[in-house]
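Laid out in structure tokens, this is it:
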């Protein structure tokens, strides 16, 4: 059965810390992996990854896909309180989501 | 602001009733996906519509049905509501043609079944 597993499920850090969120997947027809940030209701798009080993970067956030290991990581450097959210990864063009990582950044 | 709008934003229904949720997709998008998100969980894929045809379905019973209209807006219908149907229902629109694109989400409909 296809599945997407995120870890950790929950993380509490202080402002300025660097965090790494993990997403591993087992799907029969992988096309892409996407990262979203969900603060209140609507998840907002962060990155789409289709090629292994190519880092996508946006400000303090970056992500990379490892197709050999069937996984991806999302890094956030110099965290701020505004980074507090649930981070979701999805595969197969957003068909299958992981449970998310709830990140809390304390002042 | 993604351009994807859902209505209503909140809804309370009684067990056994039927409900229709609506989603208007972002301009230029031809695909709409629906998700159910229970508290503390990631979104669960219900189904996807592409050019008015169902194009994939998750593990949901037949009482969850949908429609997509020629303008690519969509409806999610749930019959015989159960208490466990209480959740946030999200729709996402995307452009599915020759390449993958990201999905943009609406703000969701919070359904409470009592």
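Chains as they are written, first to last, in the numbering used here: chain A, 1 to 107; chain B, 108 to 221.
By construction, the Cβ of each residue, glycine as well, lies at the ideal position given by its N, Cα and C atoms.
Using the C-alpha atoms, what's the distance from residue j back to residue i?
| i | j | result |
| --- | --- | --- |
| residue 29/A | residue 131/B | 28 Å |
| residue 80/A | residue 149/B | 23 Å |
| residue 86/A | residue 163/B | 26 Å |
| residue 153/B | residue 4/A | 16 Å |
| residue 144/B | residue 37/A | 14 Å |
| residue 252/B | residue 91/A | One cannot answer for residue 252/B here, as it falls past the ends of chain B, which runs 108 to 221. |
| residue 78/A | residue 218/B | 37 Å |
| residue 48/A | residue 171/B | 29 Å |
| residue 69/A | residue 26/A | 10 Å |
| residue 31/A | residue 115/B | 33 Å |
| residue 72/A | residue 46/A | 13 Å |
| residue 200/B | residue 75/A | 27 Å |
| residue 2/A | residue 166/B | 12 Å |
| residue 210/B | residue 169/B | 25 Å |
| residue 155/B | residue 65/A | 25 Å |
| residue 214/B | residue 63/A | 25 Å |
| residue 41/A | residue 110/B | 15 Å |
| residue 151/B | residue 195/B | 10 Å |
| residue 34/A | residue 61/A | 14 Å |
| residue 197/B | residue 147/B | 15 Å |
| residue 113/B | residue 50/A | 29 Å |
| residue 142/B | residue 177/B | 21 Å |
Based on the DSSP output, what are the partners of residue i in its beta bridges?
| i | result |
| --- | --- |
| residue 38/A | 86/A |
| residue 184/B | 127/B, 172/B |
| residue 76/A | 19/A, 61/A |
| residue 119/B | 219/B |
| residue 26/A | 3/A |
| residue 66/A | 71/A |
| residue 133/B | Partner(s): none; residue 133/B has no beta bridge. |
| residue 32/A | Beta-bridge pairing links residue 32/A to no other residue. |
Sorted by chain position, which residues of the same chain lie with C-beta nearer than 6 Å to residue i's C-beta, five sequence neighbours on each side aside?
| i | result |
| --- | --- |
| residue 120/B | 126, 188, 220 |
| residue 124/B | 188 |
| residue 17/A | 79 |
| residue 21/A | 74, 87, 101 |
| residue 39/A | 85 |
| residue 149/A | The question about residue 149/A has no answer here: the residues shown for chain A are numbered 1 through 107. |
Once you ignore the five residues that flank residue i on each side, which residues in its own chain have a CB closer than 7 Å to its CB?
| i | result |
| --- | --- |
| residue 103/A | 11, 19, 83, 84, 85, 87 |
| residue 137/B | 157, 158, 179, 202, 203 |
| residue 67/A | 52 |
| residue 192/B | 185, 218, 220 |
| residue 139/A | The question about residue 139/A has no answer here: the residues shown for chain A are numbered 1 through 107. |
| residue 98/A | 4, 5, 6, 23, 88, 89 |
Excluding the 5 residues preceding and the 5 following residue i in the sequence, name in chain order all residues of the same chain whose CB lies nearer than 8 Å to its CB.
| i | result |
| --- | --- |
| residue 106/A | 12, 13, 14, 15, 81 |
| residue 160/B | 175 |
| residue 118/B | 126, 128, 216, 217, 218, 219 |
| residue 122/B | 188, 189, 190, 220, 221 |
| residue 212/B | 109, 111, 197, 198, 199 |
Point to revise | the region 131–141 of chain B in contact with the region 50–66 of chain A per 3-pair CB rule at 8 Å | key: no
Review point. Looking at C-beta atoms only, is the number of pairs between the region 182–198 of chain B and the region 9–19 of chain A that lie closer than 8 Å three or more?
Key: no
**Study point:** 3-residue-minimum beta strand (DSSP E) runs that sit fully inside the region 136–166 of chain B, ordered along the chain
**Key:** 138–144, 151–157, 160–164
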